[in-house]
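> Structure provided below as structure tokens; questions to follow.
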Amino acid sequence: MTSKQAMSSNEQERLLCYNGEVLVFQLSKGNFADKEPTKTPILHVRRMVFDRGTKVFVQKSTGFFTIKEENSHLKIMCCNCVSDFRTGINLPYIVIEKNKKNNVFEYFLLILHSTNKFEMRLSFKLGYEMKDGLRVLNGPLILWRHVKAFFFISSQTGKVVSVSGNFSSIQWAGEIENLGMVLLGLKECCLSEEECTQEPSKSDYAIWNTKFCVYSLESQEVLSDIYIIPPAYSSVVTYVHICATEIIKNQLRISLIALTRKNQLISFQNGTPKNVCQLPFGDPCAVQLMDSGGGNLFFVVSFISNNACAVWKESFQVAAKWEKLSLVLIDDFIGSGTEQVLLLFKDSLNSDCLTSFKITDLGKINYSSEPSDCNEDDLFEDKQENRYLVVPPLETGLKVCFSSFRELRQHLLLKEKIISKSYKALINLVQGKDDNTSSAEEKECLVPLCGEEENSVHILDEKLSDNFQDSEQLVEKIWYRVIDDSLVVGVKTTSSLKLSLNDVTLSLLMDQAHDSRFRLLKCQNRVIKLSTNPFPAPYLMPCEIGLEAKRVTLTPDSKKEESFVCEHPSKKECVQIITAVTSLSPLLTFSKFCCTVLLQIMERESGNCPKDRYVVCGRVFLSLEDLSTGKYLLTFPKKKPIEHMEDLFALLAAFHKSCFQITSPGYALNSMKVWLLEHMKCEIIKEFPEVYFCERPGSFYGTLFTWKQRTPFEGILIIYSRNQTVMFQCLHNLIRILPINCFLKNLKSGSENFLIDNMAFTLEKELVTLSSLSSAIAKHESNFMQRCEVSKGKSSVVAAALSDRRENIHPYRKELQREKKKMLQTNLKVSGALYREITLKVAEVQLKSDFAAQKLSNL
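Residue 1 is where the sequence shown starts when you use the UniProt record's numbering, and the numbers rise one by one after that.
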């Protein structure tokens, strides 16, 4: 927010606003609490905040800074807020001048931190006193004028540098994005010989001999001298405030407002005047921008005569005016999130508090230290004129807003109605009920799209109903668990159904009894496949380690059995689970809720487009009573780590999954089993020997591991952890026991085996597609050979009939050879539709195989 400084009747006291607070700086000799002042100068600061309850400013905190200069005259030059280049944070600053007897002037720039501690950021000496054009910019950087030249010093360099541009005055200085620190001012320019042929008048010379320029302090060159302010205004503009800048075709375009000697506020856009406002007072000196919220922007103009006024940016009309002021500050003083203007009246500054003030946003917010029955005229004396200026634009804006609101409301109601009926129709279709959502009137209003016949709707319904299949054919079991703040729903499919995450979607449709609408819950799907067959490598049998690794048996009656690792099951099976994980917090707003579990399977048949199949798996019922009793809550008791198979799959679905490729060039990875079984205290799940359950106390407890060793020197480790912190703890523990020069690589796309299988699958599809192309060509070649054989048969019959006339066989033989040669030279043609179809398929499968190969090469 804009921070402005002010000086009270005491030259050694200054005020500014910062983050809704009013900072009072006072330079004195000794502490305020001391009855007798000392010779040591002390800079004091008070933080004043507005109390909305008592409607007065109260002191929040204080601070001080001791200046070790006893025989010097000190004076506060200015104070404001700038950003420090070290942090980029806006902080209050104050500049103090020290004058010694030998006419040497020393200047200090102090920055005030939030702890009320002062830091000296810049100090330098000059052989003259800075009297004109003192400005402090971001950095901090101090800019001033001496005689006819401008100088600046930065806290980064600490050296005084002169501005090379020949400026007669600087109207604005600040930072512009992508351009750095820039100056905007009047620069003298030389007239051409043609323009000098006629002697110009003094007024013409003053106008056309100066031009507004934008100058860069970093590159020390003029950035632009057009699209700023026309030369005709150069002699009357006294103050400039830049509102916006942009670069179009390497040319700087500026939108600004300016104060003139004619007591006008003028808005310029790209060098063209747009709006003019005649101000109610004379000698304007500064402009501040106030955002009171709701799109209401005001320009608050201050005058040398201690008056001020507010100009509405939208209409460029005067909205309010005030007289006999000593200070105008703009900030969020009451903490409403919008800006207000603080008006301090004359003789209102003292050492303790702010006694005579007014806070207003020219709207609903109005706080005043004066009694409510006072006759103070803050706005125009003519109330009807003020009402005419302010109320009509507000009424117009309200009408436009209400009209837009009504249209938006109708649009949202229509969308909600369509979505509600669509959900209801989908659920009725899933549950096998009749769809009676559309009334007779709505059906009459329906118009067929693209000239479709009315019976096409029935065909679509029949087609869609064929896609819905009975869950008994594909789904064996449905279950759900609650883990922390997540609801995990799992569906166990038959082993004959081969699925991947790209081909299946498990959705949850929430159905409320009191509401006809259905809500699709946001879920994260995962396809989990675990083999019941242990795959110990021939070079690394678990029995060779010499450990009595126990197995945890998952049984329906929650009993725990133990066996040894070396036992091998006789059957080779693979359990396939599809899970959906959703956040439980939004569902807790209902005392009980029901969700329909819908499985969508996308099948890719050869020669056809992908076909979607829908399977209604069942319904999930959950209530707050179930959660309070812990009916479906999954916990980790130390004596019973995992009781059911569903608990294991719930953990695999909800936990954070991390996959790592471990490679050891010089040593075999025999220590991985030792780390899992001894260091991490893991137990092997008997039904799924590839899964290790960690029973190590602390944050490790409950972590799941899978270890697949491909070669003696390489393997894939997958960690299922509660969070990434536990995962990093596991890796830190693992690094200690791994061989030297061992490499760990995070596989972001999953395990390498999965990518290899995917690569093989895509290559297989590419071969099938290419073989279809070969079969099509072979088919046409076979037809061609059959035509040749028929022609050959016909010629042999003719030759037999004419065998008794050998003198005539030679012409027929020549004709047969000519026909064969003609047919061999004929181009074999393939159907255009068949060719396009085969070419498209070849391109698709080659693209997929290339993508899979790229993923595999990036491992």
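Where is the CB? At the ideal position from N, CA and C, for every residue including glycine. Because the structure is a prediction, the values reported are computed rather than measured.
Comparing alpha-carbon positions, which option in S114, I153 and N138 lies nearest F124?
Counting from one through the sequence shown, the residue named residue 124 turns up at place 124. That would be I153, whose Cα lies nearest to the Cα of F124.
> Please name the residue or residues paired with R46 in a DSSP beta bridge.
As a first step, residue 46 is located in the sequence shown; it is residue number 46 there, counting from the start. In the DSSP output, where bridge partners are listed per residue, R46 has V24 and T62.
> In angstroms, rounded to a whole number, what distance separates the CA positions of T87 and N263?
As a first step, residue 87 is located in the sequence shown; it is residue number 87 there, counting from the start. As a first step, residue 263 is located in the sequence shown; it is residue number 263 there, counting from the start. Approximately 40 Å, taken between the alpha carbons.
> Where are the beta strand (DSSP E) runs, 3 residues long or more, that stay fully inside the stretch 80-131, in chain order?
Entirely contained in the stretch 80-131, the beta strand (DSSP E) runs reaching 3 residues are, in chain order, 90-99, 105-112 and 118-126.
> Please name the residue or residues paired with Q278 in a DSSP beta bridge.
In the sequence shown, the residue the question calls residue 278 occupies position 278. Q264, per the DSSP bridge assignment.
> Here's the rule I'm using: 16 or more other beta-carbon atoms within 10 Å means buried, otherwise exposed. How should P689 be labelled?
Locating residue 689 in the sequence shown gives position 689, where the first residue counts as 1. Buried.
> Could you pull the start and end residues of the beta strand (DSSP E) that E646 belongs to?
Here the question's residue 646 lines up with position 646 in the sequence shown. Run containing E646: none in the beta strand (DSSP E); it sits in the alpha helix (DSSP H), M645 to A654.
> Quick check on the DSSP output: the alpha helix (DSSP H) that includes S627 runs from which residue to which?
The count along the sequence shown starts at 1 and reaches residue 627 at position 627. In the sequence as displayed, the identity of residue 627 is Leu instead of Ser. L627 -> alpha helix (DSSP H) spans L624 to T629.
> Leaving aside the five residues before and after R135 along the sequence, list all residues of the same chain whose C-beta is less than 6 Å from its C-beta, in chain order.
Your numbering for residue 135 matches position 135 in the sequence shown. For R135, where only same-chain residues beyond five positions count, the Cβ hits under 6 Å are L143 and A173.
> With DSSP collapsed to three states, give me the class of K187.
As a working note, residue 187 is residue 187 in the sequence shown. The answer is strand: DSSP assigns K187 an E or B state.
> Can you give me the C-alpha to C-alpha distance between M77 and I365, rounded to a whole angstrom?
Within the sequence shown, the letter at position 77 stands for residue 77. Within the sequence shown, the letter at position 365 stands for residue 365. Computed Cα separation, rounded: 34 Å.
> What is the rounded straight-line gap between the Cα of E218 and the Cα of R14?
In the sequence shown, the residue the question calls residue 218 occupies position 218. In the sequence shown, the residue the question calls residue 14 occupies position 14. C-alpha separation (whole angstroms): 32 Å.
> Can you pull the DSSP bridge partners for P230?
Taking the first residue of the sequence shown as position 1, residue 230 is located at position 230. Partner(s): none; P230 has no beta bridge.
> Within 10 Å of its beta-carbon, does L648 have 16 or more other beta-carbons around it, so buried, or fewer, so exposed?
In the sequence shown, residue 648 corresponds to position 648, counting from 1. By the neighbour-count rule (16 or more Cβ atoms within 10 Å), L648 is buried.
> Would you give the residue range spanned by the beta strand (DSSP E) that L343 belongs to?
For the purposes of this step, residue 343 is identified with residue 343 of the sequence shown, where counting begins at 1. L343 -> beta strand (DSSP E) spans Q340 to F345.
> Check the DSSP bridge columns for W675 and list the partner residues they point to.
Looking up residue 675 in the sequence shown gives position 675. None; W675 has no bridge partner.
> What span of residues does the beta strand (DSSP E) with V300 cover, start to end?
Translated into positions along the sequence shown, residue 300 becomes position 300. V300 -> beta strand (DSSP E) spans L297 to F303.
> Nearest to G165 by alpha carbon, out of T157, S235, D225 and L109?
Mapped onto the sequence shown, residue 165 falls at position 165. Cα-wise, what sits closest to G165 is D225.
> Looking at the structure shown, is residue 862 part of a helix, part of a strand, or coil, going by DSSP?
Because residue 862 is not part of the residues shown, which for the chain are 1 to 859, the question remains open.
> By DSSP, does Q317 sit in helix, in strand, or in coil?
For the purposes of this step, residue 317 is taken as residue 317 along the sequence shown, with counting starting at 1. Three-state DSSP puts Q317 in coil, outside helix and strand.
> Taking 8 Å as the threshold, find out whether the stretch 621-633 comes into contact with the stretch 666-676 through three or more Cβ pairs.
No, they do not touch.
> I'd like the span of the beta strand (DSSP E) that includes M727, first residue to last.
By one-based count along the sequence shown, residue 727 stands at place 727. Note, M727: premise wrong, no beta strand (DSSP E); alpha helix (DSSP H) at Q724 to I735.
> Please say whether S292 and T338 have beta carbons closer to each other than 8 Å?
Translated into positions along the sequence shown, residue 338 becomes position 338. Translated into positions along the sequence shown, residue 292 becomes position 292. Contact: yes.
> Decide if E314 is buried, meaning its Cβ has at least 16 other Cβ atoms within 10 Å, or exposed.
What you label residue 314 is simply residue 314 of the sequence shown in a count that begins at 1. Exposed: under 16 other Cβ atoms inside 10 Å.
> Is it buried or exposed for C730, if we count other Cβ within 10 angstroms and need 16 for buried?
By 1-based counting over the sequence shown, the position of residue 730 is 730. Burial call: buried.
> At what residues does the beta strand (DSSP E) containing V475 begin and finish?
Against the sequence shown, residue 475 aligns to sequence position 475. Note, V475: beta strand (DSSP E), V475 to I483.
> Apply the 10 Å Cβ neighbour rule to G832 and answer buried if 16 or more other Cβ atoms are within range, or exposed otherwise.
By one-based count along the sequence shown, residue 832 stands at place 832. Burial call: exposed.
> State the Cα-Cα distance for the pair M130 and H146, rounded to the nearest angstrom.
Sequence index remark: in the sequence shown, residue 130 carries index 130 (1-based). Sequence index remark: in the sequence shown, residue 146 carries index 146 (1-based). Rounded to the nearest angstrom, the two C-alpha atoms are 7 Å apart.
> Using a 10 Å radius around the Cβ and a threshold of 16 neighbouring Cβ atoms, would you call I89 buried or exposed?
For the purposes of this step, residue 89 is identified with residue 89 of the sequence shown, where counting begins at 1. By the 10 Å Cβ count, I89 comes out exposed.
> Please state if the CB of L186 and the CB of S234 are separated by a distance shorter than 8 Å.
Here residue 234 is taken as the residue at index 234 of the sequence shown, counted from 1. Here residue 186 is taken as the residue at index 186 of the sequence shown, counted from 1. Contact flag set, yes.
> Go through its chain and collect everything with a Cβ distance to F65's Cβ below 6 Å, but skip five positions before and after it.
By 1-based counting over the sequence shown, the position of residue 65 is 65. Around F65: L43 and F118.
> Can at least three beta-carbon pairs, one atom from the stretch 683-699 and one from the stretch 738-747, be found at a separation below 8 Å?
No, because fewer than three Cβ pairs between the stretch 683-699 and the stretch 738-747 fall closer than 8 Å, the two stretches do not touch.
> Just reading off the beta strand (DSSP E) that M510 is part of, what are its end residues?
Here residue 510 is taken as the residue at index 510 of the sequence shown, counted from 1. Counting along the chain, the beta strand (DSSP E) containing M510 begins and ends at V504 to D511.
> Count the other CB atoms within 10 Å of the CB of G127; is the residue buried (16 or more) or exposed (fewer)?
The residue you call residue 127 lines up with position 127 of the sequence shown. By the neighbour-count rule (16 or more Cβ atoms within 10 Å), G127 is not buried but exposed.
> In this structure, what does DSSP give as the bridge partners for D291?
In the sequence shown, counting from the first residue as 1, residue 291 sits at position 291. DSSP output for D291 lists L297 as bridge partner(s).
> Quick one, are the C-beta atoms of L110 and I94 less than 8 Å apart?
In the sequence shown, residue 110 corresponds to position 110, counting from 1. In the sequence shown, residue 94 corresponds to position 94, counting from 1. Cβ atoms of L110 and I94: closer than 8 Å.
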